[in-house]
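Just so you know, the protein sequences line up as chains X and P, in that order. Sequence positions in the first sequence follow the working numbering and run 951 to 1284. Sequence positions in the second sequence follow the working numbering and run 951 to 1284. Read through the structure below, which is laid out as structure tokens, and then see the notes.
2 protein chains.
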Amino acid sequence: MNKVNIAVLGATGAVGREMLKVLQERRFPINQLKALASARSSGMELPFGDGTITVEEATENSFEGMDIVLGAASNALAKQLAPAIVKAGAVFVDNSSAFRMVDDVPLIVPEINPEDVQKHKGIISNPNCSTIITLTAVAALNRLSPIQTMVASTYQAVSGAGANGLRELEQQVLDYAAGKKPEVNVFPWQIAFNLIPQIGDDSGNGYTSEEMKMQNEGRKIMHLPELNVTCTCVRVPVLRSHSISVTLRTQRKISVAEAREAIAAAPGCRLVDDLAGKVYPMPLDTSDQDTVFVGRIRDDLTDEKGLTLWCCGDQIRKGAATNAIQIAELLLKR
Amino acid sequence: MNKVNIAVLGATGAVGREMLKVLQERRFPINQLKALASARSSGMELPFGDGTITVEEATENSFEGMDIVLGAASNALAKQLAPAIVKAGAVFVDNSSAFRMVDDVPLIVPEINPEDVQKHKGIISNPNCSTIITLTAVAALNRLSPIQTMVASTYQAVSGAGANGLRELEQQVLDYAAGKKPEVNVFPWQIAFNLIPQIGDDSGNGYTSEEMKMQNEGRKIMHLPELNVTCTCVRVPVLRSHSISVTLRTQRKISVAEAREAIAAAPGCRLVDDLAGKVYPMPLDTSDQDTVFVGRIRDDLTDEKGLTLWCCGDQIRKGAATNAIQIAELLLKR
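Rendered as structure tokens:
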């Protein structure tokens, strides 16, 4: 396999740092590696393998000779630099939401729609984290019979707001332990010992932008243009694994036994489903891993063609960094 | 109004202590008050008003002359002592689940089915905490058009496991802050920075006993024998307010505007619903209060006759102690 020149854009953030870690872990065939970030991080040393890599300022001139650019930056920076990346002949695998719903930009979960990678014109989007985790869990069911509707309630970790989100929960807990009033900076309200039922902004129909991603990105990834999803996104005081309670209806009824078997065999999934034995997916068990854990599978009592389940996955890894690098691996295979 | 003789059974627990507090706050017309608990708590002083009350051992002889016994004890103790309470001529308002589904035991949320109190034969049950909070939130919709189905995902505070549950989360957080490994005693797994998607035991159909309460108690309280509920109960690292994400279908479509108006006018509810203004129910805002906060009301995208919403309420108060004392107040009115 030829080694490639790869850049991580936004390398100093929680997802960017994890991308460096995952590239190393998966022994991605790297010729040249660049860690790019804003000017103020230039010169910073980031861990890479047994050593470090020096951060360079990301500019429009950063991408000459690159084969792949992994994006872990803001929507604004992704939009600003995408033309330079494409012009340099690199493929931009972008974790921002900037291009996800653009027609000729593939939106990929490698376990679900790897073939869509071939349609790219220089940009491939990495889906929303909760969407990746939920769809990885339910894709096996969709292969048995198309999913028609999903009602999803999320329990989203603070890592979804990046390294600052992680620090905020940790600091609020330390403040609580010290008897101090917790400071609120990153989230709109205190998150320690609290729940915030808003992630993203009002999208105009009473749903937040984050909530609408589950339907809109789900339609594109699973090739289900008619899929309807009612999603409620809630920030919870958990560090880095997202959990989702999903009730879904398929075209034909899938039995619990059939669902368990399909999910146990599905790529990227692990079935952990023994209620009597107190075995089910939990954030602490799934953190720092790439696998989506699925359990609590049972019949939906409100719909004869429904099933309900609970899934968890690491938001920074499968929800972001690992999924992006899996996409890059698909590019290598071409 | 005549003053009554009232006993609190299980007075030393989180709910029992709150009952004493709520009796005082609501100026319940008390002639004689007894605080009853197990032998090992006998002689203990509990706060009551500006002073204290001495705990007595609960025995079958404790109830002579009592008018009302508020139960905040285990199912086993409720079953053991109920015959003595009834024989003594007192009404047993029981917070345990022991009698909730018994035919001639009314199951009451005073804002919903106060008239059912009249059917009692000595025992009245206080419903499950999540059920009380959810039904208080949606009762106004059910009055507009009968609820046919609900899909509910709960975010339940540790207070649902009593004073020991509260202590366990607090201790685990202090341990974390001190760099120590958290000890697990009350919950099956660590709850700090985690989620546990199991409350209660396996009820045989893949649902837990706690999850089935929402359907079974909901049917009885709302007089909706056909109501179907798919519920997922999840313990979250929050101290004392339960939150519930509910998607429901009514017989006729209720518009969002109509739902908001009805909920704003509903007894026991407060509408807090302005997503753009970051206003929605949150555990920290609803703790230590009797009101159920309701917000995030919007159309269900999966069902033309559906609505989805988010509600929060204090588990120890409206979910247990306050609801029981509201039932006792209904008895006074007779």
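A virtual CB, placed ideally from N, CA and C, is assigned to each residue, including glycine. The model shown is predicted, which means the values in this text are computed figures rather than measured ones.
- Beta-carbon to beta-carbon, X/Ile980 and X/Val1019 are separated by about 13 angstroms, too far to satisfy the 8 angstroms threshold.
- For P/Thr1182, the nearest beta carbon of chain X is closer than 8 angstroms to its own beta carbon.
- DSSP lists P/Lys984 and P/Val1019 as the beta-bridge partner residues of P/Ala957.
- Contact between the region 1109-1116 of chain P and the region 1092-1111 of chain X is absent, with fewer than three C-beta pairs closer than 8 angstroms.
- Going by C-alpha positions, X/Asp1053 is about 44 angstroms away from P/Gly1263.
- With respect to chain P, the C-beta atom of X/Gln1148 has a partner C-beta closer than 8 angstroms.
- For X/Arg1185, the three-state secondary structure derived from DSSP is strand.
- Residue environment for X/Val1134: exposed (fewer than 16 other C-beta atoms within 10 angstroms of its C-beta).
- Taken in chain order, the whole beta strand (DSSP E) runs of length 3 or more contained in the region 1073-1116 of chain P are 1073-1075 and 1097-1105.
- By the Cβ neighbour-count rule, P/Gln1265 is buried, with 16 or more other Cβ atoms within 10 Å of its own.
- A residue is called buried when at least 16 other Cβ atoms come within 10 angstroms of its Cβ; X/Lys1228 does not meet this threshold and is exposed.
- The Cβ atoms of X/Ile1171 and X/Pro1096 lie no closer than 8 angstroms to each other.
- In this structure the region 959-972 of chain P lies against the region 982-990 of chain P, because at least three pairs of beta carbons, one per stretch, are closer than 8 angstroms.
- By the C-beta density criterion, P/Gln1276 is buried, having at least 16 other C-beta atoms within 10 angstroms.
- For P/Ile1003, the secondary structure class from DSSP, reduced to helix, strand or coil, is strand.
- Inter-residue distance for P/Trp1260 and P/Ile1247 is about 7 angstroms (C-alpha atoms, whole angstroms).
- Taking 8 angstroms as the CB threshold, P/Asn1135 stays off the interface with chain X.
- Counting C-beta pairs closer than 8 angstroms gives three or more between the region 1087-1096 of chain X and the region 1214-1229 of chain X, which meets the contact rule.
- Taking a 10 Å sphere around the C-beta of P/Ser992, we find fewer than 16 other C-beta atoms and assign the residue as exposed.
- For P/Ile1194, the pairing in a beta bridge is given by DSSP as P/Thr1104 and P/Cys1261.
- Between the region 1191-1205 of chain P and the region 1137-1152 of chain P, the count of C-beta pairs closer than 8 angstroms stays below three; the two stretches do not touch.
- Spatial neighbours of P/Lys1029 in its own chain (CB-CB distance under 6 angstroms, excluding positions within 5 residues in sequence) are listed in chain order as Ala1048.
- If you draw a straight line from the Cα of P/Glu968 to the Cα of P/Cys1079, it comes to about 14 angstroms.
- DSSP, read as helix, strand or coil, puts X/Glu995 in strand.
- Between X/Gly1256 and X/Thr1197, the beta carbon gap of about 6 angstroms places them in contact (Cβ cut-off 8 angstroms).
- At a cut-off of 8 angstroms between beta-carbon atoms, P/Phe1143 makes contact with chain X.
- Around the beta-carbon of X/Gly966, 16 or more other beta-carbon atoms lie within 10 Å, marking it buried.
- The bridge partners DSSP lists for X/Asn1178 are X/Thr1099.
- In the three-state reduction of the DSSP assignment, P/Arg967 falls in the helix class.
- Contact annotation for P/Asn1155 against chain X: Arg1248, Asp1249 and Leu1251 [CB-CB distance below 9 angstroms, chain order].
- X/Leu1281: member of the alpha helix (DSSP H) spanning Thr1272 to Lys1283, first to last residue.
- In the DSSP assignment, P/Leu1221 falls within the beta strand (DSSP E) that extends over Cys1219 to Leu1221.
- Relative to P/Leu1251, the option among P/Lys1268, P/Arg1199 and P/Ala1270 whose CA is nearest is P/Arg1199.
- Using a Cβ-Cβ cut-off of 8 angstroms, P/Met1232 counts as an interface residue toward chain X, since at least one Cβ of chain X sits closer than that to its own.
- Apart from sequence neighbours up to five positions away, the residues of its chain that approach P/Asp1238 with a beta-carbon distance below 8 angstroms are Arg1190, Asp1264 and Arg1267, ordered along the chain.
- The beta carbon of P/Glu995 sits closer than 8 angstroms to the beta carbons of Thr1002, Ile1003, Thr1004 and Val1005 from its chain, once the five residues preceding and following it are set aside; these are given in chain order.
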